[in-house]
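Engineer: So the sequence shown is numbered by the numbering used here: it starts at 15 and just counts up by one.
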Amino acid sequence: MKKLSSAEIRQMYLDFFKSKGHDVLKSAPLVPHDDPTLLWINSGVATMEKYFDGSVVPKNRRLTSSQKSIRTNDIENVGRTARHHTMFEMLGNFSVGDYFKKEAITWAWELLTSPEWFAFEPEKLYITVYPKDTDAKKFWQEVGVASDHIYEAEDNFWDIGEGPSGPDSEIFYDRGQEMNNLPADDPESYPGGENERYLEIWNIVFSQFNHKPDGTYEPLPHKNIDTGMGLERITSIFQNAPTNFETDLFLPIIRATEKMDNNKKYGEDPELDVSYKVIADHARAVTFAIGDGALPSNDGRGYVIRRLIRRAVMHGQKLGIQGAFMYKLVPVVGQIMQAAYPEVLEQADFIAKVIRMEEDRFNETLKDGLDLLNSLIAEVKQQNGTELPGAPVFKLYDTYGFPLELTKEYADDEGLGVDEKGFAAKMKEQQERARAARSNAKSMGVQNGLLTEIKTPSEYVGYSELETTGVLKDIIVDNELVAEVTAGTADMIFDRTPFYAEMGGQVADQGLIQDAAGNVVAKVTDVQHAPNGQNMHTVEVVAPMKQGAEYTLVVDRMFHEKVRKNHTATHLLDQALRDVLGEHTHQAGSLVEPTYLRFDFTNLGSVSQEQLHQVENIVNEKIWASLPVETVVTDIESAKKMGAIALFSEKYGDTVRVVKAGDYSMEFCGGNHVDNTIEIGLFKIVSESGVGAGVRRIEAVTSKEAFEFLEKRNQVLNQVAADLKTTKIEDTPRKVEQLQEQIKKLEQEKQALEDKFASQQASDVFKNVQTVNGKKLIAAQVSVSGMGQLRQLADQWKTQELSDVLVLATKADGGKVNLIVAASPAAVKSGIKAGALIKDIAPLVGGGGGGRPDLAQAGGKKPEGIATALKAAATWLENN
Numbered sequence: 015m016k017k018l019s020s021a022e023i024r025q026m027y028l029d030f031f032k033s034k035g036h037d038v039l040k041s042a043p044l045v046p047h048d049d050p051t052l053l054w055i056n057s058g059v060a061t062m063e064k065y066f067d068g069s070v071v072p073k074n075r076r077l078t079s080s081q082k083s084i085r086t087n088d089i090e091n092v093g094r095t096a097r098h099h100t101m102f103e104m105l106g107n108f109s110v111g112d113y114f115k116k117e118a119i120t121w122a123w124e125l126l127t128s129p130e131w132f133a134f135e136p137e138k139l140y141i142t143v144y145p146k147d148t149d150a151k152k153f154w155q156e157v158g159v160a161s162d163h164i165y166e167a168e169d170n171f172w173d174i175g176e177g178p179s180g181p182d183s184e185i186f187y188d189r190g191q192e193m194n195n196l197p198a199d200d201p202e203s204y205p206g207g208e209n210e211r212y213l214e215i216w217n218i219v220f221s222q223f224n225h226k227p228d229g230t231y232e233p234l235p236h237k238n239i240d241t242g243m244g245l246e247r248i249t250s251i252f253q254n255a256p257t258n259f260e261t262d263l264f265l266p267i268i269r270a271t272e273k274m275d276n277n278k279k280y281g282e283d284p285e286l287d288v289s290y291k292v293i294a295d296h297a298r299a300v301t302f303a304i305g306d307g308a309l310p311s312n313d314g315r316g317y318v319i320r321r322l323i324r325r326a327v328m329h330g331q332k333l334g335i336q337g338a339f340m341y342k343l344v345p346v347v348g349q350i351m352q353a354a355y356p357e358v359l360e361q362a363d364f365i366a367k368v369i370r371m372e373e374d375r376f377n378e379t380l381k382d383g384l385d386l387l388n389s390l391i392a393e394v395k396q397q398n399g400t401e402l403p404g405a406p407v408f409k410l411y412d413t414y415g416f417p418l419e420l421t422k423e424y425a426d427d428e429g430l431g432v433d434e435k436g437f438a439a440k441m442k443e444q445q446e447r448a449r450a451a452r453s454n455a456k457s458m459g460v461q462n463g464l465l466t467e468i469k470t471p472s473e474y475v476g477y478s479e480l481e482t483t484g485v486l487k488d489i490i491v492d493n494e495l496v497a498e499v500t501a502g503t504a505d506m507i508f509d510r511t512p513f514y515a516e517m518g519g520q521v522a523d524q525g526l527i528q529d530a531a532g533n534v535v536a537k538v539t540d541v542q543h544a545p546n547g548q549n550m551h552t553v554e555v556v557a558p559m560k561q562g563a564e565y566t567l568v569v570d571r572m573f574h575e576k577v578r579k580n581h582t583a584t585h586l587l588d589q590a591l592r593d594v595l596g597e598h599t600h601q602a603g604s605l606v607e608p609t610y611l612r613f614d615f616t617n618l619g620s621v622s623q624e625q626l627h628q629v630e631n632i633v634n635e636k637i638w639a640s641l642p643v644e645t646v647v648t649d650i651e652s653a654k655k656m657g658a659i660a661l662f663s664e665k666y667g668d669t670v671r672v673v674k675a676g677d678y679s680m681e682f683c684g685g686n687h688v689d690n691t692i693e694i695g696l697f698k699i700v701s702e703s704g705v706g707a708g709v710r711r712i713e714a715v716t717s718k719e720a721f722e723f724l725e726k727r728n729q730v731l732n733q734v735a736a737d738l739k740t741t742k743i744e745d746t747p748r749k750v751e752q753l754q755e756q757i758k759k760l761e762q763e764k765q766a767l768e769d770k771f772a773s774q775q776a777s778d779v780f781k782n783v784q785t786v787n788g789k790k791l792i793a794a795q796v797s798v799s800g801m802g803q804l805r806q807l808a809d810q811w812k813t814q815e816l817s818d819v820l821v822l823a824t825k826a827d828g829g830k831v832n833l834i835v836a837a838s839p840a841a842v843k844s845g846i847k848a849g850a851l852i853k854d855i856a857p858l859v860g861g862g863g864g865g866r867p868d869l870a871q872a873g874g875k876k877p878e879g880i881a882t883a884l885k886a887a888a889t890w891l892e893n894n
């Protein structure tokens, strides 16, 4: 067998299918930017949905890629199995209505067995087919697969719900009985069984049916091929590795981790090997995820990154690694993947910074988790319990990143067990919530055969014309082609149009359609791209329109001009953000409307007011500099050499438009722009906020809307000045400052009076001491301003040693209750805990709380329960 590196295997696969007429697609980012229902790109086909469902017809119907993917549904298995990963690469070849079973099978066999390519021994390959798929079985036999190497399996049918589905063939490689984890005669020791001998290396899906909403299947208008070959698995075969982790994709990360420890080597202890594997796997995943725009957070994909980093850190501690270390593995990952993903090393400093920040944050959290665990152990032992409850153990796992195994070790050291059933129940609840969230995800859409067949040429002339004549080529009503329409909603394609189809964040143009006499026959309400790229107009028809007739298409000029200004302002904003925040910042989405613009961008934290002010000033300076805005149409490589910024979420054709604003901004863009930045007039940021993990959003206005925004602000300021009785607006800040000083002084005087009143009450309250069960108790309601003064009274009580237990309550503003309990050192030593007492009486005032053994506090919303709560304190003391 050939000895190939992972980079050589990846390239050989792509080269093979390129030789068969496929376009090689670059791997899409792990973060989906055009599908909000998808947390991660989780397969090669996930990037092909728009082609397979017919919403877009690719220029070349033969495609191939090596797509990085993330799946996190069973993270716990990582490191414990030979081939389970969070991030992996899926090699795939795809046919969108072009070739089908015969070609797919013939080429698969050629790639696998030809000496020029993979050169696998044919006798080591086994095939599974769907029992009813007689064509697939026949084609495998025709290429030379022996009949006893073909297995029929009922589960060889790919189906994800509504949309394309069909039978599939899986290809297995026989690694030999020496690699098996089962006896040769075990019932599971066959291709497709649960064993380590026969390794599945490729799945070829023959997508030939539409799975309809009613559950039935119908033949697809265009049959497709979708295949998936895991790079990690196929590399383990070429490199004769027992598991994927002994390949050049993971081993360098493991070796780098060994150097951080120096005591525990990989391969010496199976349990520690798990830790090495987890670290290697998670280091790859978080490096790529952060590089593709995701950042750690408490929800969504950000939570996945946070959880992976924390799991790796915990496994690092098992290996004896102290302090942050994951960030040091980023360049190692980058070097391994440099051949296909040079951007990882280019962004290595930024990625490492993010991981280091998260590691440091977790090390602080880890201490809190250990404190919680120690408190839990102490509480269970005090109650003479034998095991830690499942719910708080799950909290340690979910919130603090403590693996169950680690908690069990701590508990075992203290002679305690763990309620694993209770933990499992909480874990199941979380998984069900996750499944419920995933159930909202859409299936691949059902193909629309009509739209994919419409190939009428249509020219967009809106860059230079906002009014033109065009021949009506196609009329679609209720998904049917018609020759004439008299009223209602219809979709139309013209041979020429000035109407922009929504794309790249820019909304579609609106306007009118007129007949030869100048009469309005339709109103254009929306324009979208048809599957074959034409601008398809959604119109409200008000007079009869016929296919083949010529009409005048008129874009709403005012609407269009406002959009142009906002779109160019978006480009200036994009560059200004990079200037102020750093080159790591990039666009995560945008919306260009006529009355405002919205721009989403990646950033580690919030943007300060000073930074926003800088960004705003830069944009306005570029507007007032009267920069010429030019458009260059060129090939994609020339555009990149020019320095044009390409959005990684966009796909570009052979030729691209590059929009330049002087020497300041240069981006790939198919939208409409002003001729000179001075046309924008004025730019004003309206708001800045967070919209997701590591994603910020700026909303802004330009031109007339910017003036109106500032005018409204000016009116408000004038009103404030009038209310403050200042003669000049410039004096308003000083007047406000004077008022704030007066308010502060009055509040201090008020506080002093309240403290004095509280002290007077204390002298009376502290005299009322009762003895309960041999303990002295002071329990009373006082009239103070809130919890702060209750704590002051508790401090006075503590210094005077007036009783064993203090319970004070006050009715606060808004009908709320504040409650405080304190216990003397002697009382605490005797077993009395303020936290336990307050938990018992707080429900009587409609609230809850807790705290330390010597001091606890609570809030409530039932002041009528105060007297009952104070009496209950005595009862509690009687029983404890």
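We put the CB at the ideal spot given by N, CA and C, even for glycine.
CA-CA distance, E498 and E554?
Structural biologist: About 14 Å.
Engineer: Does DSSP put P145 in a helix, a strand or coil?
Structural biologist: In this structure, P145 counts as coil in the three-state DSSP scheme.
Engineer: Thinking C-alpha only, which one of Y514, E564, Y341 is nearest V540?
Structural biologist: According to the sequence displayed, residue 540 carries Asp and not Val. Per the Cα distances, Y514.
Engineer: How is F771 classed by DSSP in three states: helix, strand or coil?
Structural biologist: If DSSP states are grouped into helix, strand and coil, F771 belongs with the helices.
Engineer: Taking the straight line between their C-alpha atoms, what separation do you get for L245 and W131?
Structural biologist: Taking the straight line joining both Cα atoms gives about 15 Å.
Engineer: Span of the beta strand (DSSP E) holding F364?
Structural biologist: From DSSP, F364 is part of no beta strand (DSSP E) but of the alpha helix (DSSP H) over 362-396.
Engineer: Taking the straight line between their C-alpha atoms, what separation do you get for K576 and Q524?
Structural biologist: Straight-line Cα distance between these residues: approximately 12 Å.
Engineer: Would you kindly check if the distance between the Cβ of Y411 and the Cβ of D382 is under 8 Å?
Structural biologist: In this structure, Y411 does not lie closer than 8 Å to D382 by Cβ.
Engineer: What residues in its chain sit with their C-beta under 7 Å from that of Q528, if we drop five residues either side in the sequence?
Structural biologist: Closer than 7 Å at the Cβ level, and outside the excluded window around Q528, lie V534, V535, Y565, T566, V568.
Engineer: By the DSSP assignment, the alpha helix (DSSP H) with W216 in it spans what residues?
Structural biologist: Unbroken run through W216 is the beta strand (DSSP E), 212-225; no alpha helix (DSSP H).
Engineer: Am I right that I251 and Y187 are in contact with their C-beta atoms under 8 Å? What's the rounded C-beta distance?
Structural biologist: Yes, they are in contact, since the Cβ atoms of I251 and Y187 sit about 6 Å apart, within 8 Å.
Engineer: Alpha carbon to alpha carbon, how far is R97 from N217? Give it in angstroms, no decimals.
Structural biologist: So the alpha carbons of these two residues sit roughly 16 Å apart.
Engineer: Within 8 Å, do at least three Cβ pairs link the segment 85-104 to the segment 572-591?
Structural biologist: They do not touch, by the three-pair rule.
Engineer: So is N728 buried or exposed if we call it buried at 16+ other beta carbons inside 10 Å?
Structural biologist: Exposed, because fewer than 16 other Cβ atoms sit within 10 Å of the Cβ of N728.
Engineer: Excluding sequence positions up to five away, which residues of its chain have a Cβ less than 8 Å from the Cβ of I637?
Structural biologist: Around I637: A583, L586, T691, I692, I694, G695, L696, F697.
Engineer: Helix, strand or coil for F264? Go by DSSP, reduced to three states.
Structural biologist: Looking at F264 - three-state DSSP - the assignment turns out to be coil, as it is neither helix nor strand.
Engineer: Near R592, what residues of its chain come up, given a Cβ to Cβ distance below 7 Å and the 5 sequence neighbours on each side ignored?
Structural biologist: For R592, where only same-chain residues beyond five positions count, the Cβ hits under 7 Å are T599.
Engineer: If you scan the segment 605-662 from start to end, which runs of the beta strand (DSSP E) of 3 or more residues do you find wholly inside it?
Structural biologist: Qualifying beta strand (DSSP E) stretches, in chain order: 611-616, 643-649.
Engineer: Assuming L731 and I743 form a contact by the criterion Cβ under 8 Å, report the distance between their Cβ atoms to the nearest whole angstrom.
Structural biologist: Contact flag correct, Cβ pair sits at about 6 Å.
Engineer: Cα separation between I323 and V368?
Structural biologist: Those two C-alpha atoms are separated by around 11 Å.
Engineer: Please report the straight-line C-alpha distance between G518 and E607, rounded to a whole angstrom.
Structural biologist: So the two alpha carbons sit approximately 12 Å from each other.
Engineer: What runs of the beta strand (DSSP E), each 3 residues or longer, lie entirely inside the segment 716-788?
Structural biologist: Runs found: 784-786.
Engineer: In its own chain, which residues sit with a C-beta less than 6 Å from the C-beta of F31, not counting the 5 before and 5 after it?
Structural biologist: Excluding sequence neighbours, F31 sits near T78, N107.
Engineer: For A887, collect the residues of the same chain with a Cβ closer than 6 Å to its Cβ; drop the 5 residues on either side in sequence, then sort them by chain order.
Structural biologist: Cβ neighbours of A887 beyond the five flanking positions: A793, V821, I855.
Engineer: Excluding sequence positions up to five away, which residues of its chain have a Cβ less than 6 Å from the Cβ of A353?
Structural biologist: These residues qualify, in order along the chain: A21.
Engineer: For Y231, does the count of other Cβ atoms within 10 angstroms reach 16, so buried, or fall short, so exposed?
Structural biologist: Its Cβ having fewer than 16 others within 10 Å, Y231 is exposed.
Engineer: Within a Cβ cutoff of 8 Å, which residues of the same chain sit near T740, ignoring the five residues on either side of it in sequence?
Structural biologist: Same-chain partners within the cutoff: T746, K749.
Engineer: Could you check if Q774 is buried or exposed, using at least 16 other CB atoms within 10 Å of its CB as the buried criterion?
Structural biologist: Exposed is the call here.
Engineer: What does the alpha-carbon distance come out to for the pair A455 and I852?
Structural biologist: Bear in mind that a pLDDT of 41 at A455, under 50, signals an unreliable position, so the model cannot answer this.
Engineer: Can you tell which of M441, T645, N580 has its C-alpha closest to the C-alpha of V521?
Structural biologist: Minimum Cα distance to V521 is reached at N580.
Engineer: Helix, strand or coil for S289 per DSSP?
Structural biologist: S289 falls in the helix class under three-state DSSP.
Engineer: Run the CB neighbour count on R452, radius 10 Å, all protein chains shown included, and call it buried at 16 or more, exposed below.
Structural biologist: Low local confidence applies: a pLDDT of 45 at R452 is under 50, so the model's placement there is unreliable, and no value is given.
Engineer: Return the residue from the list G190, L126, D818, S179 that minimises the CA-CA distance to K237.
Structural biologist: Ranking the options by Cα distance to K237, first place goes to S179.
Engineer: Please state the DSSP three-state secondary structure of R94.
Structural biologist: Residue state, collapsed to three classes: coil.
Engineer: Is the beta carbon of V358 sitting closer than 8 Å to the one on T271?
Structural biologist: No, Cβ-Cβ distance for V358 and T271 is not below 8 Å.
Engineer: By Cβ distance below 8 Å, which residues in the same chain neighbour L418 in space, the five residues on each side in sequence not counted?
Structural biologist: Taken in chain order, the residues that qualify are V407, Y411, V432, E434, F437.
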